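To start, the structure itself, in structure tokens.
2 protein chains.
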Amino acid sequence: MKVDIKKVAEKAGVSIATVSRVFSNSDLVRQPTKDKVLKISKELNYIPNPIARSLSRQLTDTIGVVLPDLVGEFFMDIIHGIDEEAYKQNWFVLVSSSHSKRNILETLIEFMGSGRVDGVILMAPQIDERINEIIRKSKRPIVLINAGGDTNNNANFKVDNFQGAYTIVEHLIQNHSYKIIGMVEGPKDNYDAIDRSNGYYKALQKYGLNKNGSMVVPGDFSVEGGYHGFKKLISNKVKPDAIFMANDMMAVGAYQAAKELKIRIPEDIALVGFDDIYLSQFLHPRLTTVHVPIAELGSKAVIHLLGMIKDKKLKKKSFVEILSTCLVIGGSCGCA
Amino acid sequence: MKVDIKKVAEKAGVSIATVSRVFSNSDLVRQPTKDKVLKISKELNYIPNPIARSLSRQLTDTIGVVLPDLVGEFFMDIIHGIDEEAYKQNWFVLVSSSHSKRNILETLIEFMGSGRVDGVILMAPQIDERINEIIRKSKRPIVLINAGGDTNNNANFKVDNFQGAYTIVEHLIQNHSYKIIGMVEGPKDNYDAIDRSNGYYKALQKYGLNKNGSMVVPGDFSVEGGYHGFKKLISNKVKPDAIFMANDMMAVGAYQAAKELKIRIPEDIALVGFDDIYLSQFLHPRLTTVHVPIAELGSKAVIHLLGMIKDKKLKKKSFVEILSTCLVIGGSCGCA
DNA sequence: AGAAACAATGTAAACGTTTACATTTTAAAC
DNA sequence: GTTTAAAATGTAAACGTTTACATTGTTTCT
Numbered sequence: 001m002k003v004d005i006k007k008v009a010e011k012a013g014v015s016i017a018t019v020s021r022v023f024s025n026s027d028l029v030r031q032p033t034k035d036k037v038l039k040i041s042k043e044l045n046y047i048p049n050p051i052a053r054s055l056s057r058q059l060t061d062t063i064g065v066v067l068p069d070l071v072g073e074f075f076m077d078i079i080h081g082i083d084e085e086a087y088k089q090n091w092f093v094l095v096s097s098s099h100s101k102r103n104i105l106e107t108l109i110e111f112m113g114s115g116r117v118d119g120v121i122l123m124a125p126q127i128d129e130r131i132n133e134i135i136r137k138s139k140r141p142i143v144l145i146n147a148g149g150d151t152n153n154n155a156n157f158k159v160d161n162f163q164g165a166y167t168i169v170e171h172l173i174q175n176h177s178y179k180i181i182g183m184v185e186g187p188k189d190n191y192d193a194i195d196r197s198n199g200y201y202k203a204l205q206k207y208g209l210n211k212n213g214s215m216v217v218p219g220d221f222s223v224e225g226g227y228h229g230f231k232k233l234i235s236n237k238v239k240p241d242a243i244f245m246a247n248d249m250m251a252v253g254a255y256q257a258a259k260e261l262k263i264r265i266p267e268d269i270a271l272v273g274f275d276d277i278y279l280s281q282f283l284h285p286r287l288t289t290v291h292v293p294i295a296e297l298g299s300k301a302v303i304h305l306l307g308m309i310k311d312k313k314l315k316k317k318s319f320v321e322i323l324s325t326c327l328v329i330g331g332s333c334g335c336a
Numbered sequence: 001m002k003v004d005i006k007k008v009a010e011k012a013g014v015s016i017a018t019v020s021r022v023f024s025n026s027d028l029v030r031q032p033t034k035d036k037v038l039k040i041s042k043e044l045n046y047i048p049n050p051i052a053r054s055l056s057r058q059l060t061d062t063i064g065v066v067l068p069d070l071v072g073e074f075f076m077d078i079i080h081g082i083d084e085e086a087y088k089q090n091w092f093v094l095v096s097s098s099h100s101k102r103n104i105l106e107t108l109i110e111f112m113g114s115g116r117v118d119g120v121i122l123m124a125p126q127i128d129e130r131i132n133e134i135i136r137k138s139k140r141p142i143v144l145i146n147a148g149g150d151t152n153n154n155a156n157f158k159v160d161n162f163q164g165a166y167t168i169v170e171h172l173i174q175n176h177s178y179k180i181i182g183m184v185e186g187p188k189d190n191y192d193a194i195d196r197s198n199g200y201y202k203a204l205q206k207y208g209l210n211k212n213g214s215m216v217v218p219g220d221f222s223v224e225g226g227y228h229g230f231k232k233l234i235s236n237k238v239k240p241d242a243i244f245m246a247n248d249m250m251a252v253g254a255y256q257a258a259k260e261l262k263i264r265i266p267e268d269i270a271l272v273g274f275d276d277i278y279l280s281q282f283l284h285p286r287l288t289t290v291h292v293p294i295a296e297l298g299s300k301a302v303i304h305l306l307g308m309i310k311d312k313k314l315k316k317k318s319f320v321e322i323l324s325t326c327l328v329i330g331g332s333c334g335c336a
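Chains as they are written, first to last, in this note's numbering: chain R, 1 to 336; chain L, 1 to 336.
As structure tokens, this is what we get:
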């Protein structure tokens, strides 16, 4: 029942090498021979076994994707971008999410050490020395997505959190003339969060608001964090004119808190977020936020990774591309 | 540089068979020998090559997942359920989404025909004859998720759309005594949508509301579809007391329309949805809807698929499991 | 027509495992 | 201390390709 290259070769009256060449699109085969082999193959329903091919070629046509967690639309977009690009180029995608550091490491080792994939796209919140060591030792190329930590000597695609935060805060100042702008920050050890905070500070500074126009409370990127952060800011003696939530999820929490306290957005206080998650367009008023090109991050990572796989020289070079964000204007900042 | 089983065997002073046995956890190896091999392996950083292993064993420890599209949180949840379960059992997941029918077929053929995966989880909106033929011909088992069409003789996990719809409509009738209940339906060719409509009709019938308590307009599962469907229903001479949206996305559209028309939910009209998407909990009031156990669908599919892979006999048996939904009460139906 | 150059095909050795089967070692029984 | 059975290890043949290298077939040139 099983049909392999030998059966095809036999039936077609050629050697297995010729059959192999036909399926590798070699130009060393005469057209008539090619046709004959292809015809027999179709008859026998022959498809070259990719595992055997991988073993022989030492290539799998597969990229591994390691994600910190599969929950959240953020990751869905990433996978979407990756899958689409990989499919276009006829590659396969092996995914693996994880819920703990150890898990990321394990998966990475499994992917990198073995011949299961030809390259890896890694999205890790924090690149530590152990991860770097694995990357260094492996023959297989790796591309980082939105990675923080010691990412030197690696290929790294990230989002311009600083610029995005700067821009949206500047919008609050320039277009709306708000004087006191609060912020609910993200986790202190999160690089995205840190850059967003820096962008915020920079904008305030630029417009001379850093002295007494600044009000910052900690947050954790969660809905509850946003809820409490908002309440904390609002309970201050001197209330802020506007609040920059370090991400949209927290902005959702802020909307809930505002609703509860009967505070109107943007009439009583303006609110902006970051990420442009799907949900944000359904908030009332629509949340003004910063769009992050997530799927693009994924597809760019794939393109670069395939480049590294094809041209080993690239592997040695470090490479960083920072994708710019764009402002998404909703009603929550006070714009019509 | 490259370290293979031969190097390890040599260095450990044993044969490659013994090394292989150590890594296959065979109990034919004495503990001291095992220790020695393991020690050397660690020293040399040896990991058995999974490709070679796959070729020899004719098993890849990988399952393929074919999805109609990677967009939408629905699919993210599916992947999440699948990945988590697969990881638990030490399997890998090869994903592939697609945007057209042809694409699903292609991927399926590639997955099933080749030795790249040991089994496939397929989520296709519609199982047609071509797909069935592929399933029939393949040695590799396949599990369907939420599939419509001719799914006999297959393993199939689906959601109880009928019961879910029936239950939520019954809730509207029993708990709130609404007399006229409208519905915005899903796509006519979508099996989920059809079952939901049937559940709706059945509930109305049960309580004798089918005569003049029914009002149905077509929809398409999109936000816009819900928006227009809601407006259509509301513009009727005799207005419905409550509306059942065939899915949550359309309910979101209905909220927008209601806001626009200054119609209060649930004071002026009650509204319920289906799916319990993430977003629905952030609507005001929270949407009453039907929770669909999506991740569970994924993990159950994996468990069953691995069962089929291990026990070939299972493959022949058709199997259907219909996962029950549960009601999620929010404020939109009129409940406190 | 024969030599030379080139195109097309074939042969056989990788690729790195697993696993029947053969062989050796160890333990048990007498 | 043999003999015997059982346990541990080794040998070698798969698994299904790719691809140097060898061989054969076909032009082209003189």
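All residues carry an ideal CB built from backbone N, CA and C; glycine is no exception. Since the model is a prediction, treat every value here as computed from it, not as a measurement.
What number of angstroms, rounded off, separates the C-alpha of R:T107 from the C-alpha of R:V272?
-> 37 Å
Would you kindly work out how many angstroms separate the C-alpha atoms of R:R57 and L:S332, rounded to a whole number?
-> 60 Å
Whole angstroms is fine: what's the gap from R:M76's alpha carbon to L:M76's?
-> 6 Å
Separation of R:K34 from L:A147, as counted between CA atoms = 40 Å
Classify R:E185 as buried or exposed, calling it buried when 16 or more other Cβ atoms lie within 10 Å of its own Cβ.
-> buried
Which two residues bound the contiguous beta strand (DSSP E) that contains L:V216?
-> 214-217
Hey, could you find the ends of the beta strand (DSSP E) R:N210 is sitting in?
-> Per DSSP, R:N210 belongs to no beta strand (DSSP E) and is neither H nor E.
Within chain R, partners of L:G334 - CB distance below 7 Å | Per Cβ cutoff of 7 Å: no residues; L:G334 is ~19 Å from chain R at best.
Can a CB atom of chain R be found closer than 8 Å to the CB of L:L55?
-> yes
Is the distance from the Cβ of R:G199 to the Cβ of R:A165 below 8 Å?
-> yes
If we count the other Cβ atoms within 10 Å of its Cβ and call it buried at 16 or more, is R:K42 buried or exposed?
-> exposed
So, is the C-beta of R:V184 closer than 8 Å to a C-beta in chain L?
-> no
Using a Cβ-Cβ cut-off of less than 7 Å, give me the residues of the segment 98-129 of chain L that come near chain R, in sequence order.
-> G113, S114, G115, R116
C-beta neighbour in chain R for L:F282, strict 8 Å | yes
Taking the alpha helix (DSSP H) that L:L233 falls in, what are its first and last residues?
-> 223-234
Throw me the rounded Cβ distance for the R:G81 and R:F111 pair, which I believe falls under 8 Å.
-> Going by Cβ atoms, the distance from R:G81 to R:F111 rounds to 19 Å, so no, they are not a contact pair.
Chain L contacts made by the segment 34-59 of chain R, where a contact means CB separation under 7 Å = I47, N49, P50, I51, A52, S54, L55
Beta-carbon separation (whole angstroms), R:K259 vs L:H228, contact threshold 8 Å | The pair is not a contact, with the Cβ atoms about 27 Å apart (cut-off 8 Å).
R:R130 burial status per 10 Å Cβ neighbour count (16 or more: buried) | exposed
Helix, strand or coil: how does DSSP classify R:A242 here?
-> strand
Roughly how many angstroms lie between the CA atoms of R:R21 and R:H304, to the nearest whole one?
-> 29 Å
For L:V328 and chain R, any beta-carbon pair shorter than 8 Å?
-> no
Using 8 Å as the limit for Cβ to Cβ distance, is L:M76 near chain R?
-> yes
Can you name, in chain order, every residue of its own chain whose Cβ lies under 6 Å from the Cβ of L:A270, other than the five neighbours on each side?
-> A242, C333, G334
Which chain R residues are close to L:V93, counting only those with a beta carbon under 8 Å from its beta carbon?
-> L94, V95, S96
Secondary structure of R:G186, DSSP reduced to three states = coil
Of all the options R:I104, R:T62, R:L67, which has the alpha carbon lying nearest to the alpha carbon of R:K88?
-> R:T62
Could you tell me which uninterrupted beta strand (DSSP E) segments, each at least 3 residues in length, are contained entirely in the segment 252-295 of chain R, listed from first to last along the chain?
-> 270-272, 289-291
Determine the extent of the beta strand (DSSP E) in which R:L172 is found, giving its start and end residues.
-> Per DSSP, R:L172 belongs to no beta strand (DSSP E); it is in the alpha helix (DSSP H), 161-174.
Since I believe R:T18 is in contact with R:V3 (beta carbons under 8 Å), could you give me their beta-carbon distance rounded to a whole number of angstroms?
-> Contact doesn't hold; Cβ gap of about 16 Å is too wide.
In terms of DSSP beta bridges, what is R:N156 paired with?
-> R:L144, R:V320
Using a cut-off of 9 Å between C-beta atoms, extract the partners of R:K259 located in chain L.
-> H284
Sequence-distant residues of its chain with Cβ nearer than 7 Å to L:I329 (five each side left out) | T288, C335
R:Q256 to R:M245, Cα distance in whole Å?
-> 13 Å
For L:S299, count neighbouring Cβ atoms within 10 angstroms of its own Cβ and tell me buried if that reaches 16, exposed if not.
-> buried
For R:L279, decide whether its Cβ has a neighbour in chain L, counting only Cβ atoms nearer than 8 Å.
-> yes
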